[in-house]
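*Asks:* Quick mapping for you: the protein sequence lines, in order, are chains A and B.
Following the working numbering, the numbering of the first sequence begins with -18 at its first residue and continues without gaps.
Following the working numbering, the numbering of the second sequence begins with 1112 at its first residue and continues without gaps.
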Amino acid sequence: MANVISDETIEYVGILAKLELSDAEKEQAKKDMGSMLDYIDKLGELDTSDVEPMSHVFPVNNVFREDVVVNGDDSANILSNAPEEKDGSFVVPKTFD
Amino acid sequence: MSKEYETVIGLEVHVELATKTKIFCGCSTAFGGAPNTHTCPVCTGMPGSLPVLNRQVVEYAAAVGIATNCTINRFCRFDRKNYFYPDNPQNYQISQLYLPICENGGVSIETPDGGKKTVGIHEIHMEEDAGKLVHDEWGEASLVDFNRSGVPLIEIVSEPDMRSAEEVIAYLEKLRLIIQYLGASDCKLNEGSMRADVNLSVREKGSSEFGTRTETKNLNSFKAIARAIANERERQIDIIESGGKVVQETRRWDDAKEYSYPMRSKEDAQDYRYFPEPDLVPVIISDEWFDEIKSKQPELRDEKMVRYKEQYNLPDYDIDIITANKRLADIFEETVKLGSNPKKVSNWLMVETMYLLKEKGLEPDLVSFSPVNLAKLIKLAEDRVINGNVAKEVFEKIFDEDIDPEEYVKENGLMSVNDEGELRGVIEKIIAANPKSVEDINSGKLKAMGFLVGQTMKEMKGKADPASVNKILKELLGI
Ligand SMILES: [Zn+2]
Chain A
-18 MANVISDETI EYVGILAKLE LSDAEKEQAK KDMGSMLDYI DKLGELDTSD VEPMSHVFPV
42 NNVFREDVVV NGDDSANILS NAPEEKDGSF VVPKTFD
Chain B
1112 MSKEYETVIG LEVHVELATK TKIFCGCSTA FGGAPNTHTC PVCTGMPGSL PVLNRQVVEY
1172 AAAVGIATNC TINRFCRFDR KNYFYPDNPQ NYQISQLYLP ICENGGVSIE TPDGGKKTVG
1232 IHEIHMEEDA GKLVHDEWGE ASLVDFNRSG VPLIEIVSEP DMRSAEEVIA YLEKLRLIIQ
1292 YLGASDCKLN EGSMRADVNL SVREKGSSEF GTRTETKNLN SFKAIARAIA NERERQIDII
1352 ESGGKVVQET RRWDDAKEYS YPMRSKEDAQ DYRYFPEPDL VPVIISDEWF DEIKSKQPEL
1412 RDEKMVRYKE QYNLPDYDID IITANKRLAD IFEETVKLGS NPKKVSNWLM VETMYLLKEK
1472 GLEPDLVSFS PVNLAKLIKL AEDRVINGNV AKEVFEKIFD EDIDPEEYVK ENGLMSVNDE
1532 GELRGVIEKI IAANPKSVED INSGKLKAMG FLVGQTMKEM KGKADPASVN KILKELLGI
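1) With 7 Å as the threshold, decide whether the Cβ of A:D(-3) is near any Cβ in chain B.
2) So, with DSSP's three-state summary, where would you put B:V1218?
3) Verify whether the separation of the beta carbon atoms of B:E1127 and B:L1293 is less than 7 Å.
4) By the three-class DSSP mapping on this structure, what secondary structure does A:E66 have?
5) Going along the chain, which residues of its own chain have a beta-carbon closer than 8 Å to the beta-carbon of B:E1343, five neighbours each way excluded?
6) For a test of your reading of the model: does the CB of B:C1136 fall under 6 Å from any non-hydrogen atom of ligand 1? Yes or no.
7) With distance defined between alpha-carbon atoms, name the residue in B:F1135, B:Y1196, B:P1158 nearest to B:Y1383.
8) Which ranges does the alpha helix (DSSP H) cover as unbroken runs of at least 4 residues, wholly within the region 1344 to 1428 of chain B, from first to last along the chain?
9) B:V1126 by DSSP, collapsed to three states: which one?
10) Could you check how far apart the C-beta atoms of B:L1477 and B:F1506 are, in whole angstroms? I think they sit under 8 Å.
11) Would you decide whether A:I21 is buried or exposed? Buried here means 16 or more other CB atoms lie within 10 Å of its CB.
12) Give the C-beta separation of B:D1256 and B:N1147 to the nearest angstrom, bearing in mind that I take them to be a contact with Cβ-Cβ under 8 Å.
13) Are the region 1266 to 1279 of chain B and the region 1122 to 1136 of chain B touching, with three or more C-beta to C-beta distances below 8 Å?
14) Which two residues bound the contiguous beta strand (DSSP E) that contains B:I1265?
15) Would you say B:P1401 reaches chain A, if we count a Cβ-Cβ gap shorter than 7 Å as a contact?
16) Count the other CB atoms within 10 Å of the CB of B:K1377; is the residue buried (16 or more) or exposed (fewer)?
17) Can a CB atom of chain A be found closer than 7 Å to the CB of B:S1457?
18) Tell me whether the region 1426 to 1444 of chain B and the region 1460 to 1476 of chain B touch, counting them as touching only if at least three CB pairs, one residue from each stretch, are closer than 8 Å.
19) Between B:C1154, B:D1494, B:G1354, B:P1516, which lies nearest to B:E1504 when the distance is taken from Cα to Cα?
20) Spell out the partners DSSP gives B:G1555 in its beta bridges.
21) Report the start-end ranges of each alpha helix (DSSP H) in the region 1460 to 1548 of chain B that is 4 residues or longer and not cut off at the edges.
22) Could you pull the DSSP bridge partners for B:S1206 from this structure?
This is the structure:
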């Protein structure tokens, strides 16, 4: 494996993804990420200097909605997805701006 | 302080667009609904839901770009900005990074010394707003309302071209007027439909290098912006003078306590990992569409100011006040179109309307009377059907309830008495009852005239025509 993922990198990626990994999981994740990057490097061997980066598979543009209200109050349904609900709102851990 | 410092300021201005629906779903953007009553699977980030772009958002964003001299990117795309926060249900915000809709613009502002300068606009991009977090007073939790989630925003990013709070406020006022004239937003700072984040750094005067900048958020009024700028400038100068280094960070302004504090802890890595939004296809603005948007642009304030001078010959002072709000300018033009004298219309707007707004603590946007009724009032006063004091009284009724002044004057018997015979009778009585005043007038104390006019008006319950009263009085007194 050409790419070696450092402990700091796996720590940082864990913070970004909000994941707490055990030491064993960290080792496994380091290996997995390394092999993924190796695969990406393989793609990098191709000459793509004349190729536009692709963001979408199909050549489709300009898909729009008109500015018309079509949704009513569906809060009961929406809130049924909340792990916890109070006063018509989603309850989340205490958060300050 | 031995060294002189220059403040370098750039702004990120978020403006909530005036669409009826959210940017990616058919939920209402109306303000003040009960929590989560304007939500659907798209704006609450449910798995499997797909966003579809609101065409009007593109049109408003392009219109603002055209009005601020930007280049409109005919090919633009959305990108995902990844971060975790409870008000952001998808764990990403759909925004634009690589190909924003507008770039390389600028607006001209007046500087405090009376000169002009251009503040560059780096870009304008489209994005979605987040939900609202409310702290639950009773529990160890916060509550989320997603009614604002997905409300369309544009973010206007300026170049670091401003050097003082005055320039910042001039720039914001300029943007606000342009956007209000376009009808793209009401731009209310205190209600959050316009929000400004201030990027500020200081450097020694004459230096061409930028210092390290901070970003200050939570500025809800022009006054708060001015205070936060003064405070941040001093804070950075203190750090530099005492040999320290300014840290690049985001700070939150507390206007009540007049200080700012760093917002995010070190554990919150600021790494947004933007990538092209796969759920939305690119936007292509064809020549036809571009021309259509352009043809819909209304006359903006700067053009209006020039035209008011040329067409109506109004004083600069009047023009400044009337055009400072689109609503007032619209009422002015429609009333003049109905045949009223421009200067008279201007006076009613500039003096009485502004007075009543101040008296009632209202914003000019809330002026709701119809030009037809103002035109009728001006005609009634011109034809001397009512006198000036009565006109003011009637105007307040128009201002409050948009009454028809012709009917109101008739119903309440407010017509001036111009009938020579009746007036003459009353004035003769007044003269007979006030020999002292007559004596004063005869000995040259013309001030006493005013007293007799006042007495006549009182007798006529304010409904006499002052010009007629004066004329008859002079005639009877032989002066
Ligand atoms: Zn929705």
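By construction, the Cβ of each residue, glycine as well, lies at the ideal position given by its N, Cα and C atoms.
Source: prediction; values computed, not measured.
*Replies:* For this structure:
1) Per the sequence presented here, residue -3 of chain A reads as Leu, with Asp not at that position. Yes, its Cβ sits closer than 7 Å to a Cβ of chain B.
2) strand
3) In this structure, B:E1127 sits away from B:L1293, with a CB-CB distance that is not shorter than 7 Å.
4) strand
5) V1309, L1311, T1325, T1327, R1362, S1371
6) yes
7) B:Y1383 has its Cα closest to that of B:Y1196, out of B:F1135, B:Y1196, B:P1158.
8) 1398 to 1406, 1412 to 1418
9) strand
10) A Cβ-Cβ distance of about 16 Å is found for the pair B:L1477 and B:F1506, leaving them out of contact under the 8 Å criterion.
11) It counts as exposed.
12) 6 Å
13) yes
14) 1263 to 1269
15) Strictly speaking, residue 1401 of chain B in this sequence is Phe, with Pro absent from that position. Judged by the 7 Å Cβ criterion, B:F1401 is not in contact with chain A.
16) Confidence is the limiting factor: at B:K1377 the pLDDT is only 47, short of 50, which leaves the residue's position unreliable and the question unanswerable from this model.
17) no
18) yes
19) B:P1516
20) DSSP, once it has assigned bridges, lists no residue as partnering B:G1555.
21) 1465 to 1471, 1482 to 1493, 1499 to 1512, 1516 to 1522, 1531 to 1544
22) B:D1190
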